[in-house]
Each structure stands twice: as structure tokens, then as C-alpha cells.
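Since the structure comes first, as C-alpha cells, the remarks are kept for the end.
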Amino acid sequence: MIRLIGAELFKLRTTRMYLAFLAAATGLVVLVTAVHFLLGDDASLTIEGAANVIETEADLRSVLDVSGVAALFTLVLGATAVASEHRHRTIVSTFLVTPARGRVVAAKVVGYTVAGAVFGIVVEAAAVVVAVGWLAVTSNPIPFGTTIAAVLALTPIATGLAAGFGVGIGAAVPNQLGAVLAAIGWVMIVEQLFAGLVPQLAQWLPFTGAGAAITGLRPNVGILTGIGLFLAYLVALVAVGIQVTRRRDVA
Amino acid sequence: MPQRFGPVEETRIRPSATTSTAQFESPAVHIGHLTKRYGATVAVDDLSFSIRRGTIAGFLGPNGAGKTTTFRMLVGLAAPTSGAAQVLGQAYGTLRNPILRVGAMLEVSGYHPARSARNHLLVLARTADIPEGRVDELLGLVELDQAADRAVGGFSSGMRQRLGLAASLLGDPELLLLDEPANGLDPKGIRWLRQFLRNLAHEQGKTVLVSSHVLAEVAQMVDEVVIINRGRLITQGPVDTVVAHMGRTVAIRSPDATRLADLLTRQGATVTRHDADRLLVSGVDIEEVGRLAAVNNLVLYELREQGLSLEETFLALTEPAATP
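From first to last, the protein sequence lines stand for chains B and D. The first sequence lines up with residues 1043 to 1293 when you count with my numbering. The second sequence lines up with residues 122 to 445 when you count with my numbering.
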């Protein structure tokens, strides 16, 4: 299994997809964070919920919590894991080497979770560099504390698990475009509709509920509960993905 | 090109799985009453044949005959509707680290366009725990060493075929399943492939099942042929036997063709009239035709025996009328 996971990480390293996603997410976070500080009191373009002037630890935390945007990127990245192999027909050689398809999907889930966590670390680091750099250059105090430390530690967990969740979607929906649309549609449309119409239910859904709880954005759902709940969704989805992958004829 | 190919002996990779006596005695490939349906379409229809170990066999049929579907079921990429498809005495999916025992190059296989040839092979090598040196060895063997670090997206179809062949050989397998490997190769490449596969089978004792829709492409290198059409077995056997099975015909040109045709038909021969003075006759010896003409004072301008060419045999076997 270790070999399989290593091979999945090697596949990620040998195409441009991962780096392109990472560059896009990092660029977006750097841009939004920088614009937030540059615009100062102009609230029209600031980060949602973030204070314009960083005075407290909570203010800084709201700027540094990039888990939402980064997790969306890793979710879509994960969704391409199985689907892109079908698209390019590399799935044939993958299954020729490893006919146990469940092991292939499981290795992808673990590999992409690791890659997704690294993704979160890089994107988070970019946000920290911009925010702390700005505060230091403008001679403002840096209100660092445990909640900031928690965000820094938990963002990679959120992005890693989102990537694994994406692999599950891609295994269940082997068409690449279909998998990507399903992933984005679920987070941006389905869960948002629930959040607006049935907020009591939304707090238990994978992203608006469990995912948000991981970085402490759900006061009534603990961080560990959030991780546990997200893992439960992930395992259920991956089980469906493995069944679909096992039963489907290739090419 | 041929200088580069030869026995692949530098890196020997032995199967890690134990081989039981039963497996050793089993055919390299066994297809038993194999059927694959897609809705109302029957892609493979109660197909049965076996390939014994150490032979090189041609798997022939026109496009759409069911060759690729059969290969896909042999390596577990598609599930049979019914019947069995086994390699080396067992289902492909039950082989431990299968590419060390069975190498497959399938038409349906693909490459990530942005990944280099070397990295494509390295992905497979790392998964199967094959030494990375083997990758460079094979890239040299198929003459892709100069292009090894280029993205496969820029490769010609011939280069992709050679990369596919390298991938199938990665584990130094005892059985090779090659689906239309000559597609995209130039004549020089096809000659290279022929020599290479012959060498694998006859010098190294490997078994090769190679498919093609062009009989001439494989006829010179195979020990036997399996011919299928519309998913069904047409015939299996050595090339010479298959051609002989089709029988020989006698071509006649005579101003008395009508009279001669009557006489031959009465003798039990099958007569096909091409035009006013030309006949094609089967089911009778050339000597008998000559004697009959002489006895009846019939003039002959031409009398000759003709065998069907390999390609004519293949076409005759796979044309709709030949389907049982």
C-alpha cells in the first residue's frame, strides 16, 4: 500500500496540475489578503467577516483563515484524481499494474489527502507572509495567540480531507467534467442552499458544517467532532466510489 | 533498429508468486465459452480457444471482431457476461504483482500528455517495485532514450506504440498480450517488431498473443492463428493448415466454358462462372479437369491450379458469408 501511495504522489509530481492549482490558490490568497490591507477602511472589497484594521487576535484570525478557499481548490484537485485517469486512459495501465481497484482508490485518497495538506500549508504560509509582513512594515503589533496557531495547524487538515473527499467524488463520477462540476456544485450550490434555507441541517453537512468546524468556525460543533464527522462523510463517499470503480468496465 | 533489440537479459525479474504444477501445465491463455454483451450488442459470443505456452499466436479478425474486448476481459478490465478468461491458469486479477508475469499492451491504453515517457514507465515501475534501471534499459531497447524526458503529448503514434511495448515488457513477463502493436509503426518498425516478438517466443520461451486486423502483418511471425469474426471463433491452427483448410481451386479459360461447366457440375465440382470463357472450380483435381476436357474434345486456353493467398484466406474466413 505504501508503494501505491508513493506512486500516486509521484503521478502528482510528474504533471503540472498540482502546481497549477497551488499557484492559482496561492496567488488568489496573496491577492485578496494584500487588497484587504491596501484598501484599509474601504469595506467593499475586504475579506468577508474580516476587520479592516487588525487590532485583536480575532481580527488577524479572520484574515488568516484561508481554509475555505484552499479546500475548494484541493476538493477539485482530488475530484480529478480518478477522473483524469479515465480521461487520459492511464487508468488502463494503473489497473493492469494493480487489478485490486479498491486499493487504487484507497491509495489515491491517502495520497491526495497528504498532497492536500501540503497544499494547505503552502497557501496558509502565503497568507501569513502577506499579513504579518504588512503589519510589520506598517509598525503595527502582531496579535499572535492560540487561535492563530490553531488556524495554522488546522487549515492543512481541512485542505487534506477536502482533497480526499474530492477523490471519492471522482471515483463515484468517473467523468472528469462531471466530477469537477459535482464537487463545485455540491459546495457552492447545494450546501449554500441548505445554509440559507435549513441552517440547522447545514451545520452538519460536510463543508458548511463539518469542514467549517475543523478550523473552529462552528461554535456549537467542536473541532474534533468536525474532523470526525468529515471523516465519516469521506469514508462513506469513498466506499461508494470504490464500488462504482470496481463494477465499471474500463474503456 | 534491429541491432537495438535482442534478448532482454540485463535485468531479470522473477515472479514473486509461487507457480503450482497445475498452473505450469495450464495453457498460457484460456478462453472458455466467453461472452460479452453490451445491451443488445454481442461483442464476444461464446468464444473458446487456448494458447499453449511458448508459442507466438496471431489473434486475427476484422475491426470490430471482438479482439480488444477479449483482451480487456483477459486482463480484468471488463467483466465477462459469462464464461472464463484466464492467463497462466488463473484470472489476471488473482495474480500477485501481475505485470511480472503478464505484459499487456492494449489499444485502449493511454498516456497523460504532460508526463514524460520515462515518468510514465517510472509510475508503473514504482508501483510494481521494479528497479528503475529497467526503465532506462527498455527506453533504449525501443529507441526512445533520446525522447525519454519529452512529454508524451508530442509523440507520434509510432513512438506511443513503442512506449506501450516498453511498458508491457517492464516486468519481463512470461506472457505478452499485444493488441494491434503494429498500428502506427512504419514498415521498418513492423519488421523490427516481427523480429523482436519472434525472438521473445523462440529464443526466450515466452508466449505471445498478438492481435491484428491484417493477416500479412503477423503471418510471418506466428506459430498459429486464432481467427474470430463478430465475436465468434472462425478457426484456430497453424497458418499453413488454415490456408490448406480453405482448399485449392482450378482456374479455367475455355471457349467451351458452358459445356465444361455442365460436365464438371455432374462430376460433383463447385463451379463459379466469372465471364463467358472463365471458370473457377473447386472440389475437383486439375488432372480430372484436363482429362474431362480431352475426352470431350473441348478446347482449353488456360488451366491452372491456384491457392488462395493468406489475405484472401483471411478475407474469405471473415466475410459475412463465411460466418457459421
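Where a beta carbon is used, it is the ideal one built from N, C-alpha and C, also for glycine.
Span of the beta strand (DSSP E) holding residue i?
i	result
D/Ser171	162-172
D/Ser278	It is not in any beta strand (DSSP E) - D/Ser278 instead sits in the alpha helix (DSSP H) that spans 278-290.
D/Leu195	Looking at the DSSP string, D/Leu195 is not in any beta strand (DSSP E); the run it does join, the alpha helix (DSSP H), is 188-195.
B/Gly1251	Run containing B/Gly1251: none; DSSP gives neither H nor E here.
D/Gly204	203-208
Identify the residues that DSSP records as bridge partners of residue i: which are they?
i	result
B/His1078	Paired residues: none, contrary to the question.
D/Met226	D/Leu299
D/Lys157	D/Val165
B/Leu1070	Paired residues: none, contrary to the question.
D/Gly179	D/Val331, D/Val346
D/Val371	D/Val402, D/Glu426
D/Asp396	D/Arg399
D/Ala272	D/Ser237
D/Thr391	D/Ser403
D/Val150	D/Ile172, D/Val208
Measure the Cβ-Cβ separation of residue i and residue j and say whether it is below 7 angstroms.
i	j	result
D/Ile311	D/Leu181	no
B/Glu1166	B/Val1118	no
D/Ala269	D/Leu260	yes
B/Gly1210	B/Ala1221	no
D/Phe170	D/Gln357	yes
D/Glu295	D/Arg222	yes
D/Leu330	D/Val150	yes
B/Ile1226	B/Leu1102	no
D/Gly197	B/Pro1141	yes
D/Phe435	D/Leu336	yes
D/Leu401	D/Ala382	no
D/His154	D/Gly204	yes
D/Leu243	B/Val1139	no
D/Gly185	D/Val165	no
B/Glu1233	B/Leu1247	yes
B/Thr1136	D/Arg236	no
Using a Cβ cut-off of 7 angstroms (strictly closer), state whether residue i contacts chain D.
i	result
B/Phe1052	yes
B/Ser1181	no
B/Thr1116	no
B/His1078	no
B/Leu1138	yes
B/His1130	yes
B/Pro1261	no
B/Ser1086	Reliability fails at B/Ser1086, whose pLDDT of 48 lies under 50, so the model's placement of it is uncertain and no value is given.
B/Ser1135	yes
B/Asp1291	yes
B/Pro1141	yes
B/Thr1287	no
Between which two residues does the alpha helix (DSSP H) harbouring residue i extend?
i	result
B/Gln1285	1265-1289
B/Thr1034	Beyond the ends of chain B as shown, which are 1043 and 1293, falls residue 1034 of chain B; an answer cannot be given.
B/Ser1135	1133-1139
D/Val405	Unbroken run through D/Val405: none, as it is neither H nor E.
B/Glu1127	1109-1130
B/Ile1211	1188-1214
D/Gly352	Here D/Gly352 belongs to no alpha helix (DSSP H), and DSSP marks it neither H nor E.
B/Ser1104	1099-1106
D/Gln325	From DSSP, D/Gln325 is part of no alpha helix (DSSP H); its letter is neither H nor E.
D/Val339	336-340
D/Glu264	Taken as a continuous stretch (DSSP letters only), D/Glu264 belongs to no alpha helix (DSSP H), as it is neither H nor E.
B/Leu1239	1233-1239
D/Arg387	378-387
B/Arg1045	1044-1055
B/Ile1226	1218-1227
Is the shortest distance between the beta-carbon of residue i and the beta-carbons of chain B less than 7 angstroms?
i	result
D/Leu198	yes
D/Arg247	yes
D/Ser230	yes
D/Val244	yes
D/Arg236	yes
D/Thr184	In the sequence under discussion, the amino acid at residue 184 of chain D is Asn, which differs from the Thr named in the question. False, the Cβ-Cβ gap to chain B never drops below 7 angstroms.
D/Leu155	no
D/Gly187	no
D/Ala143	With a pLDDT of only 43 at D/Ala143, under the threshold of 50, the placement of this residue in the model should not be trusted, and no figure is reported.
D/Leu227	yes
D/His233	yes
Practice problem: Specify whether the segment 1249-1257 of chain B and the segment 1200-1207 of chain B touch according to this definition: at least 3 beta carbon pairs, one from each stretch, less than 8 angstroms apart. | Solution: Yes: the two stretches touch, three or more of their Cβ pairs being nearer than 8 angstroms.
*Is the number of C-beta pairs between the segment 1237-1244 of chain B and the segment 1142-1160 of chain B that are closer than 8 angstroms three or more?*
Taking 8 angstroms as the limit for Cβ pairs, the verdict is that the segment 1142-1160 of chain B does not touch the segment 1237-1244 of chain B.
Counting pairs of Cβ atoms below 8 angstroms between the segment 232-242 of chain D and the segment 1123-1132 of chain B, do you hit three or more?
-> By the Cβ criterion, the segment 232-242 of chain D is in contact with the segment 1123-1132 of chain B, since at least three pairs of Cβ atoms, one from each stretch, lie closer than 8 angstroms.
Quiz item: Just checking, does the segment 200-217 of chain D make contact with the segment 277-288 of chain D on the three C-beta pairs under 8 angstroms criterion?
Solution: Short answer: they don't touch.
Item checked: contact_flag[the segment 1110-1125 of chain B, the segment 1263-1275 of chain B] where n(CB pairs < 8 angstroms) is 3 or more -> Too few Cβ pairs lie closer than 8 angstroms, so no.
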